[in-house]
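One structure is given below, encoded as structure tokens.
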Amino acid sequence: MNKKQPKDNKNKECWAVYVLRCADTSLYTGVTTDVTRRVRQHNGELVGGARYTRARRPVCVVYEETWGSRAEACRREAEIKALTRADKLALFT
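Throughout the sequence shown, residue numbering follows this note's numbering, covering 25 to 117 in sequence.
Put into structure tokens, the structure is as follows:
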């Protein structure tokens, strides 16, 4: 009776790690399930942007990766945040 049910991949939520370039040229890294919505939040079009980006608008996406789970995306976010600015720039230039 302990049979595992096959996972239904149709409803699997994709997570994205993204890097934004702010108006002051600083970089911001985050995770989300909807990058478009999140950028709108960061730019003040929708409620919920990060405090860091509030004073550095407008922001634009310069890099994005998709992952199968939140845990994987958060691990990658931590890796990217640990990079130097030069290494972050090398991801997308």
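Where a beta carbon is used, it is the ideal one built from N, C-alpha and C, also for glycine.
Q.
Which residue wins for smallest C-alpha separation from ALA74, given the options LEU107, ALA95 and TYR52?
A. The residue from LEU107, ALA95 and TYR52 with its alpha-carbon nearest to that of ALA74 is TYR52.
Q: Alpha carbon to alpha carbon, how far is GLU37 from GLY92? Give it in angstroms, no decimals.
A: When rounded, the distance between both Cα atoms is 7 Å.
Q) Just the Cα atoms here: how many angstroms apart are ALA79 and LYS105? A) C-alpha of ALA79 to C-alpha of LYS105: approximately 20 Å in a straight line.
Q: Report the option in VAL83, THR77 and ARG100 whose CA atom is closest to the CA atom of ALA40.
A: Comparing Cα positions, the closest option is ARG100.
Q. Ends of the alpha helix (DSSP H) at ALA114?
A. According to the DSSP assignment, ALA114 belongs to the alpha helix (DSSP H) that extends over 109–116.
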